[in-house]
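One structure is given here, and the rest of the page talks about it.
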Amino acid sequence: MNFYPYLTFTGQAEAALKFYQTILGGQLSLQRAGDLFPDADETTAPLIVHGVLSVLPTFQIVALDVIPGAPTVTPGATVSMGIHSDSEHSGQKLFDQLGVNGEVVIPFDKKSWGGAFGIVTDKFGVRWNIDA
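Quick note on numbering: the sequence shown equals residues 33 to 164 in my numbering.
Following this line, the structure appears as structure tokens:
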């Protein structure tokens, strides 16, 4: 299981990750909305749906841009915790446990990019992005 900070932006994810890369070094990987969604319009296509700055083998910074129709970004709540689980079963279990008395933002299930993913806010207001 790996933990990582998950940063949410409104169009600045690429610039932010490149800025952090100039300071921290590391390998940058960017996946745009247009790569995953062929019908994305010219405003949405360049947005980052999954950006990863791998600084060390055990430390990554993950970021994305909010795309139209997705949950909105709340100022002050742009950092969440991410957990990469070893299996869908353990990912679902983490999601369910963290969601007790919390709020499901995006249900944990299979996504178009091939893995399972979900977002839940726990009872303390901390947002968790779980993927498997």
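Where a beta carbon is used, it is the ideal one built from N, C-alpha and C, also for glycine.
Contact annotation, SER117 with ALA47: C-beta distance approximately 30 Å; criterion of less than 8 Å not satisfied. Under DSSP, LEU96 forms a beta bridge with THR40. With fewer than 16 other Cβ atoms inside 10 Å of its own Cβ, ILE55 counts as exposed.
Approximately 5 Å separates the beta-carbon atoms of ILE162 and GLY123; this is inside 8 Å, confirming the contact. Per the C-alpha coordinates, the member of ALA65, GLU135 and ALA77 positioned closest to PHE156 is GLU135. Setting aside the 5 residues that flank it on each side, ALA45 is surrounded in the same chain by ILE80, GLY83, ALA95, LEU96 and ASP97, each with a C-beta closer than 6 Å to its C-beta; the list follows chain order. For THR54, the enclosing alpha helix (DSSP H) covers residues 45 to 56.
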